[in-house]
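Worksheet: one structure, shown below.
2 protein chains.
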Amino acid sequence: MTTEPPLRADAQRNRERILAAARELFREQGTAVALDDIARRAGVGAGTLYRRFPDRDALVRQVIVDGFEICLAAVEGARAEPADPAVALERLFLRVLEQRERLVLPLIGGPVVREPRIQELQHAIRDTVEDILVRARSAGVVRDDITPEDLITAAAMVCRPMPHLPDEMSAALAARHVAVYLHGLRPEGARPLPAAAPAPGDFGRHVAMDAEQRSR
Amino acid sequence: MTTEPPLRADAQRNRERILAAARELFREQGTAVALDDIARRAGVGAGTLYRRFPDRDALVRQVIVDGFEICLAAVEGARAEPADPAVALERLFLRVLEQRERLVLPLIGGPVVREPRIQELQHAIRDTVEDILVRARSAGVVRDDITPEDLITAAAMVCRPMPHLPDEMSAALAARHVAVYLHGLRPEGARPLPAAAPAPGDFGRHVAMDAEQRSR
Chain F
1 MTTEPPLRAD AQRNRERILA AARELFREQG TAVALDDIAR RAGVGAGTLY
51 RRFPDRDALV RQVIVDGFEI CLAAVEGARA EPADPAVALE RLFLRVLEQR
101 ERLVLPLIGG PVVREPRIQE LQHAIRDTVE DILVRARSAG VVRDDITPED
151 LITAAAMVCR PMPHLPDEMS AALAARHVAV YLHGLRPEGA RPLPAAAPAP
201 GDFGRHVAMD AEQRSR
Chain W
1 MTTEPPLRAD AQRNRERILA AARELFREQG TAVALDDIAR RAGVGAGTLY
51 RRFPDRDALV RQVIVDGFEI CLAAVEGARA EPADPAVALE RLFLRVLEQR
101 ERLVLPLIGG PVVREPRIQE LQHAIRDTVE DILVRARSAG VVRDDITPED
151 LITAAAMVCR PMPHLPDEMS AALAARHVAV YLHGLRPEGA RPLPAAAPAP
201 GDFGRHVAMD AEQRSR
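Protein chains in written order, with full-length UniProt numbering: chain F, 1 to 216; chain W, 1 to 216.
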């Protein structure tokens, strides 16, 4: 979308409102929700919505790209922390959790969309998480057998909406869960994990990353 | 359902097949799925289904009661373990994870159903988890600030289907996550948790337990 001409301020505002409404409704009701309902929730006319997003796929794709961009910014921000790598890991989860209401992603109930921009974002996220893990492992603050796929699925688990619970309660429970999980990543007294981690390519094939490119 | 006369063997078999099909379809598509689709998946006629379950609510209720009964058996089995209370906690998660495909429960995407049998099962599950925690805390193997609500939501998180991933991969990732989480429950080096736990009554009100009875 970066090659498009910049939008006027009101058009930009409408676009943001449509995307925010789409994120909410996709999370509440799934991506099959009627586009007219999205326009209504956004407070814009159906014509305005269709001018920006000609069909559901375009809207779903944009919401998913936005979600991966949020995650990439969060993990890159965590990697840039000059602190203890254990703190970087903590920041990674905190930053993603803060944005959880905005995430519509394959592992959080969204559809898998295969397109180059999305695969690029997924690869960049995985590589950044791997960088943080490598640093944390060599500092001796994280057990050796944890993979980026473990952290990615852990983040997905805690970011999924908890059905029926009010947002504040579910955010508190998620933050408590993350604190316990992070403490559990420490190597002291760790016993072998009960199952093998999926290979990155094997995992990636199901969530859209191109398996051929990620077979290591 | 225990007051009904026993069913003939073939009727019992049909009932089990209907319930298994309902569990599968509820987990895949939500509880709004058409009853005819459930009959088709079960390989029984629509008439057979309606004879056992006059409407969707009856079927949903039974699947949810079954789910809570599975959980209660799992936590009671774990409590009965004569071993180290840390092992009891581990068994608790393992036993629930083993049955994850059969769980349709409020925190795993099912609806909240308010009825005495369900509230009774929820209370019994919470009390049993509390017993295990009390023993684990006094043995010094679990930090003091973990509540049954933490463990119940942790179990719900790892039992929810992971979208798009094959069952075997998602089971391996869930088992790895649980092992890390359990290790993180140990009190050694624990820092204060970042948010307060919800009060049992406050939590219970949203998932169906009667808040008045559980205000402590």
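Backbone N, C-alpha and C fix where the C-beta goes; we use that ideal spot for every residue, glycine too. None of the values given here were measured: they were computed from a predicted structure.
Nearest neighbour of R176 of chain W by Cα position, chosen from W:L94, W:D145 and W:I152, turns out to be W:L94. In terms of beta-carbon proximity, A175 of chain F lines the interface with chain W, with at least one pair separated by less than 8 Å. Runs of the alpha helix (DSSP H) lying entirely within the segment 113–171 of chain F and spanning at least 4 residues, in chain order: 116–138 and 148–159. Using a CB distance cut-off of 8 Å, A78 of chain W does not count as an interface residue toward chain F. Ranked by Cα distance from G109 of chain F, the first of F:E28, F:P85 and F:V134 is F:E28. In terms of beta-carbon proximity, L133 of chain F stays away from the interface with chain W, with every pair separated by 8 Å or more. Neighbours of L165 of chain W across chain F, judged by C-beta separation under 7 Å: H206.
Burial state of L49 of chain W is buried, judged by a 10 Å Cβ sphere holding 16 or more other Cβ atoms.
The C-beta distance from R135 of chain W to P85 of chain W rounds to 4 Å, short enough to meet the 8 Å contact threshold.
For R52 of chain W, the three-state secondary structure derived from DSSP is helix. With a contact defined as Cβ atoms closer than 8 Å, V96 of chain F and A74 of chain F qualify at about 5 Å. Below the 7 Å Cβ cutoff, chain F contributes L193 and P194 as neighbours of A179 of chain W, in chain order.
DSSP, read as helix, strand or coil, puts D210 of chain W in coil. Counting only Cβ-Cβ distances below 7 Å, P106 of chain W has contacts in chain F at P163 and H164, in chain order. Straight across, the Cα-Cα distance linking C159 of chain F with E69 of chain F is about 15 Å. Collapsing the DSSP output to three states places V75 of chain W in a helix. The residue from W:G45, W:D210, W:R100 and W:R40 with its alpha-carbon nearest to that of P116 of chain W is W:D210. Counting only runs of 3 or more residues that sit fully inside the segment 83–114 of chain F, no beta strand (DSSP E) segment turns up. At least 8 Å separates the CB of G67 of chain W from every CB of chain F. R40 of chain F and L7 of chain F have their C-alpha atoms spaced approximately 22 Å apart. When DSSP states are grouped into helix, strand and coil, L182 of chain W belongs to the helix group.
DSSP, read as helix, strand or coil, puts E188 of chain F in coil. For a Cβ distance threshold of 7 Å, residue set V180 of chain F lies close to L185 of chain W, ordered along the chain. In the structure shown, E16 of chain F falls within a helical segment according to DSSP collapsed to helix, strand and coil. Among the residues of the segment 108–126 of chain W, those with a Cβ less than 7 Å away from any Cβ of chain F are G109 and V112, in the order of the chain.
The three-state secondary structure of E81 of chain W, taken from DSSP, is coil. Close to V158 of chain W, with beta-carbon spacing below 9 Å, are these residues of chain F in chain order: M157. Exclusion of the five residues before and after V113 of chain W leaves R61 and I64 as the residues of its chain whose Cβ lies within less than 6 Å of its Cβ.
In this structure, the straight-line span from the alpha carbon of A11 of chain F to that of R56 of chain F is close to 19 Å.
Listed by position along chain W, the residues whose Cβ is nearer than 8 Å to that of M169 of chain F are P198, D202, F203 and H206. Interface residue (Cβ-Cβ distance to chain W less than 8 Å): D150 of chain F is classified as such. Nearest to D167 of chain F by alpha-carbon distance, out of F:A208, F:G67 and F:E98, is F:E98.
Pairing P198 of chain F with R126 of chain F gives a Cβ-Cβ distance that is not under 8 Å. Nearest to T153 of chain W by C-alpha distance, out of F:Y181, F:A9, F:A174 and F:L19, is F:A174.
By the neighbour-count criterion, in which a residue is buried when 16 or more other Cβ atoms sit within 10 angstroms of its Cβ, E149 of chain F is buried.
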